[in-house]
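In this note's numbering, the protein residues as written are 1 to 367.
We put the beta carbon where it would ideally sit given N, CA and C, even for glycine.
What follows is a short report on a single structure.
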Amino acid sequence: MNTSTFTPIAPRPAPNRSTGPVAWVRKNLFASPSAAIGTILVALTLALVLPHLLRWGIVGATWVPNFDSCQANRDGACWGVIAEKYRIIIFGRFPLEEVWRPLVATLLLFTLLVASCMRRFWKPALGVAWILVWAVFFTLMHGNVLGMSLVETDRWGGLPLTLMLSSLSMALAFPLALLIALGRRSNLPAIKTFCTIYVELIRGVPLISVLFMASFMFPLFMPQGFNIDVLVRVVAGITLFAAAYMAEVIRGGLQAIPKGQIEAAATLGLSYWQTQRKIVLPQALSMVVPGIMNNFISTFKDTSLVTIVSLYELTGSMSIALNADADWRPFKIEGYIFIALIYFGFCFAMSRYSLWIEKQVNKSKLR
1 MNTSTFTPIA PRPAPNRSTG PVAWVRKNLF ASPSAAIGTI LVALTLALVL
51 PHLLRWGIVG ATWVPNFDSC QANRDGACWG VIAEKYRIII FGRFPLEEVW
101 RPLVATLLLF TLLVASCMRR FWKPALGVAW ILVWAVFFTL MHGNVLGMSL
151 VETDRWGGLP LTLMLSSLSM ALAFPLALLI ALGRRSNLPA IKTFCTIYVE
201 LIRGVPLISV LFMASFMFPL FMPQGFNIDV LVRVVAGITL FAAAYMAEVI
251 RGGLQAIPKG QIEAAATLGL SYWQTQRKIV LPQALSMVVP GIMNNFISTF
301 KDTSLVTIVS LYELTGSMSI ALNADADWRP FKIEGYIFIA LIYFGFCFAM
351 SRYSLWIEKQ VNKSKLR
């Protein structure tokens with residue numbers, strides 16, 4: 001008779017938790033020896049630098065808009081300069097007695113931009129809302145109607161000008177970039193050559209050169225007595241510049257589509273535009289969402305270059321606010337930090353929205 005003794009198997013250790021703060025720290029900060037070393041180095045750097053920043057920016061800072069207090073406390077930040085000059089920084093050279101006009105215009109435009117990013121508002125009425133908001137925006141900013149005084153475009157500035165230039169340029173550049181990208185892949189030599197020359201010319205010069213040409217050189221070719229407003233010329237320059245870069249991003253997505261899909265569409269009897277609209281472009285644009293959003297962020301920041309043509313957006317308005325007052329001029333660093341936070345807020349929001357769009361377009365790939 002064969003007898004055997006039962007020997008239990010030793011229990012295995014419990015698996016590590018995959019959720020919670022400890023799991024997040026283990027996965028993102030200490031996943032490997034190199035990651036652990038990098039985390040420790042960053043922590044040590046923050047431990048050395050952060051106390052000095054907190055002491056300068058918060059603990060020892062002056063918050064009241066009093067020049068004598070700021071002058072007496074030179075070891076800490078003077079955030080009182082923001083409280084003293086915020087209207088000029090935000091609204092530029094717009095008449096201060098009518099500052100409600102750019103405020104309302106900016107709130108309307110910002111609200112519409114936020115609404116346009118939400119899926120439940122993606123309806124035909126959204127296009128009508130854009131037309132109405134742009135009409136109200138330019139009416140409030142320009143005036144000369146309904147009892148409002150006339151404010152020329154060279155006095156527009158600050159955040160309203162930054163939002164207007166970036167959003168309008170992005171809206172105009174995207175369809176233009178789409179046509180240019182399709183033109184570069186066209187079988188018609190004339191169209192392909194024209195689009196290629198356009199892209200190479202624009203990408204071969206910096207934006208500051210395009211703005212200079214649009215503002216100072218372009219009027220020289222106009223008939224005597226015919227003049228286009230400088231704001232229109234600047235919007236056109238930024239739009240053409242952004243479209244050239246965005247076209248190359250879109251063209252990369254178009255090249256990633258297998259040729260077999262286009263041939264299959266032709267076999268089914270679809271026309272060129274039906275193929276592009278129903279098969280090629282939906283896939284190509286979903287592939288290049290990060291690149292397109294990167295172009296949008298770059299365009300938003302590049303609006304700071306319009307100061308070369310005497311249009312003072314957010315950065316230019318800050319310079320005007322402090323350079324015009326010798327007392328507050330030494331506290332420029334606080335002003336630059338303030339507008340840097342504004343730029344960071346908008347750019348960070350756009351990057352988060354880009355990630356959300358990527359998740360939406362990639363849902364079909366997860367099935």
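Inset, instruction - Go through the segment 286-338 residue by residue and report every complete run of the alpha helix (DSSP H) that reaches 4 residues or more, in order. - result: 289-302 and 314-323
Legend entry - Three-state secondary structure (DSSP) of T78: Taking the sequence shown and counting its residues from 1, one reaches residue 78 at position 78. The sequence shown places Cys at residue 78, not Thr. Of the three classes helix, strand and coil, the one that applies to C78 here is strand, per DSSP.
Inset, instruction - Out of Y353, K27, L107 and L178, point me to the one whose CA is closest to I250's CA. - result: Sequence index remark: in the sequence shown, residue 250 carries index 250 (1-based). Of the listed residues, the one whose Cα sits closest to I250 is L178.
Legend entry - Residue nearest to A242 in terms of C-alpha spacing, selected from S167, A265 and R185: Here residue 242 is taken as the residue at index 242 of the sequence shown, counted from 1. Checking every option, the nearest Cα to that of A242 belongs to S167.
Inset, instruction - Express the C-alpha separation of S169 and I238 in angstroms, rounding to a whole number. - result: Here residue 238 corresponds to residue number 238 of the sequence shown, with the count starting at 1. Here residue 169 corresponds to residue number 169 of the sequence shown, with the count starting at 1. The alpha-carbon atoms of I238 and S169 are separated by roughly 6 angstroms.
Legend entry - Proximity of I339 and R93 at Cβ, strictly below 8 angstroms: Here residue 339 refers to the residue found at position 339 when the sequence shown is read from its first residue. Here residue 93 refers to the residue found at position 93 when the sequence shown is read from its first residue. Result no, Cβ atoms of I339 and R93 do not sit closer than 8 angstroms.
Legend entry - Length of the line joining the Cα atoms of L387 and P219: No information on residue 387 is available, as it lies outside the stretch 1 to 367 that the chain covers here.
Legend entry - Cβ-Cβ separation, A129 to L150 (assumed contact under 8 angstroms), whole Å: The sequence position of residue 150 within the sequence shown is 150, counting from 1. The sequence position of residue 129 within the sequence shown is 129, counting from 1. Not a contact, Cβ separation roughly 27 angstroms.
Legend entry - Three or more C-beta pairs below 8 angstroms linking the segment 267-278 and the segment 198-207: no
Legend entry - alpha helix (DSSP H) runs wholly inside the segment 35-110, at least 4 long, in chain order: 67-72 and 80-91
Legend entry - Meets three-Cβ-pair contact criterion under 8 angstroms: the segment 78-96 and the segment 303-322: yes
Inset, instruction - For G158, write down the residues that DSSP places opposite it in a beta bridge. - result: Taking the sequence shown and counting its residues from 1, the one referred to as residue 158 is at position 158. DSSP output for G158 lists E313 as bridge partner(s).
Legend entry - Limits of the alpha helix (DSSP H) - the one that Q255 falls within: Counting from 1 along the sequence shown, the entry for residue 255 is found at position 255. Unbroken alpha helix (DSSP H) run through Q255: V230 to Q255.
Legend entry - Distance between W100 and A173 (C-alpha atoms, nearest Å): Here the question's residue 173 lines up with position 173 in the sequence shown. Here the question's residue 100 lines up with position 100 in the sequence shown. Going from the Cα of A173 to the Cα of W100 covers about 30 angstroms.
Inset, instruction - For the alpha helix (DSSP H) containing R203, list its first residue and its last residue. - result: Here residue 203 refers to the residue found at position 203 when the sequence shown is read from its first residue. Residues P189 to R203.
Inset, instruction - Enumerate in chain order the residues of its own chain whose CB-to-CB distance from K85 is below 6 angstroms, with the five nearest sequence positions on each side excluded. - result: Position 85 of the sequence shown, counted from the start, is the residue given in the question as residue 85. Around K85: A321.
Inset, instruction - Specify the secondary structure class of V151 as computed by DSSP and reduced to three states. - result: For the purposes of this step, residue 151 is taken as the residue at position 151 of the sequence shown. If DSSP states are grouped into helix, strand and coil, V151 belongs with coil.
Inset, instruction - Could you check if R203 is buried or exposed, using at least 16 other CB atoms within 10 Å of its CB as the buried criterion? - result: For the purposes of this step, residue 203 is identified with residue 203 of the sequence shown, where counting begins at 1. Classification of R203: exposed, given that the 10 Å Cβ count is below 16.
Inset, instruction - Whole angstroms is fine: what's the gap from P51's alpha carbon to K301's? - result: For this step, residue 51 is matched to residue 51 along the sequence shown. For this step, residue 301 is matched to residue 301 along the sequence shown. The alpha-carbon atoms of P51 and K301 are separated by roughly 30 angstroms.
Inset, instruction - State the Cα-Cα distance for the pair L240 and M246, rounded to the nearest angstrom. - result: Stepping through the sequence shown from its first residue, residue 240 is reached at position 240. Stepping through the sequence shown from its first residue, residue 246 is reached at position 246. Computed Cα separation, rounded: 10 angstroms.
Inset, instruction - Please state if the CB of I257 and the CB of V289 are separated by a distance shorter than 8 angstroms. - result: The residue you call residue 289 lines up with position 289 of the sequence shown. The residue you call residue 257 lines up with position 257 of the sequence shown. No, they are not a contact pair.
Inset, instruction - Look at A284 and L254 and say whether their C-beta atoms are less than 8 angstroms apart. - result: As a first step, residue 284 is located in the sequence shown; it is residue number 284 there, counting from the start. As a first step, residue 254 is located in the sequence shown; it is residue number 254 there, counting from the start. Contact: yes.
Legend entry - Span of the alpha helix (DSSP H), counted from its first residue to its last, around A265: To locate residue 265, count along the sequence shown from 1; it is residue 265. It spans K259 to T267 - the alpha helix (DSSP H) in which A265 sits, taken as one unbroken run.
Legend entry - Boundaries (first-last residue) of the alpha helix (DSSP H) holding P124: Looking up residue 124 in the sequence shown gives position 124. Note, P124: alpha helix (DSSP H), P124 to H142.
Inset, instruction - Report the three-state DSSP secondary structure of V145 (helix, strand or coil). - result: The count along the sequence shown starts at 1 and reaches residue 145 at position 145. V145: coil per DSSP, three-state reduction.
Inset, instruction - Please report how far the alpha carbon of I333 lies from the alpha carbon of V64, in whole angstroms. - result: Residue 333 sits at position 333 when you count from the first residue of the sequence shown. Residue 64 sits at position 64 when you count from the first residue of the sequence shown. Approximately 17 angstroms, taken between the alpha carbons.
Legend entry - Proximity winner among L188, M217, A244 and V235, relative to L201 (alpha-carbon distances): Position 201 of the sequence shown, counting from 1, holds the residue named residue 201. Selected option, being the one with the closest Cα: A244.
Inset, instruction - Taking L165 and T307 to be in contact with their CB atoms under 8 angstroms, please state how far apart those CB atoms are, rounded to whole angstroms. - result: Taking the sequence shown and counting its residues from 1, the one referred to as residue 165 is at position 165. Taking the sequence shown and counting its residues from 1, the one referred to as residue 307 is at position 307. Contact doesn't hold; Cβ gap of about 12 angstroms is too wide.
Inset, instruction - Could you tell me which of F212, G225 and E248 sits nearest to V234, measuring between CA atoms? - result: Within the sequence shown, residue 234 is the residue found at index 234, counting from 1. Looking at the Cα atoms, F212 is the closest of the given residues.
Inset, instruction - Please work out which residues of its chain come closer than 8 angstroms, Cβ to Cβ, to G158, disregarding the five sequence neighbours upstream and downstream, and give them in chain order. - result: On the sequence shown, position 158 is the one that residue 158 refers to. If we look at G158 and ignore the five residues flanking it on each side, its Cβ neighbours are I88, I89, I90, F91, G92, F94, P102, Y312, E313, L314 and S317.
Legend entry - For T153, the nearest candidate out of M141, F137 and A171 (CA to CA): The residue you call residue 153 lines up with position 153 of the sequence shown. Looking at the Cα atoms, M141 is the closest of the given residues.
Legend entry - Range of the contiguous alpha helix (DSSP H) that encloses R26: Sequence index remark: in the sequence shown, residue 26 carries index 26 (1-based). R26 -> alpha helix (DSSP H) spans P21 to N28.
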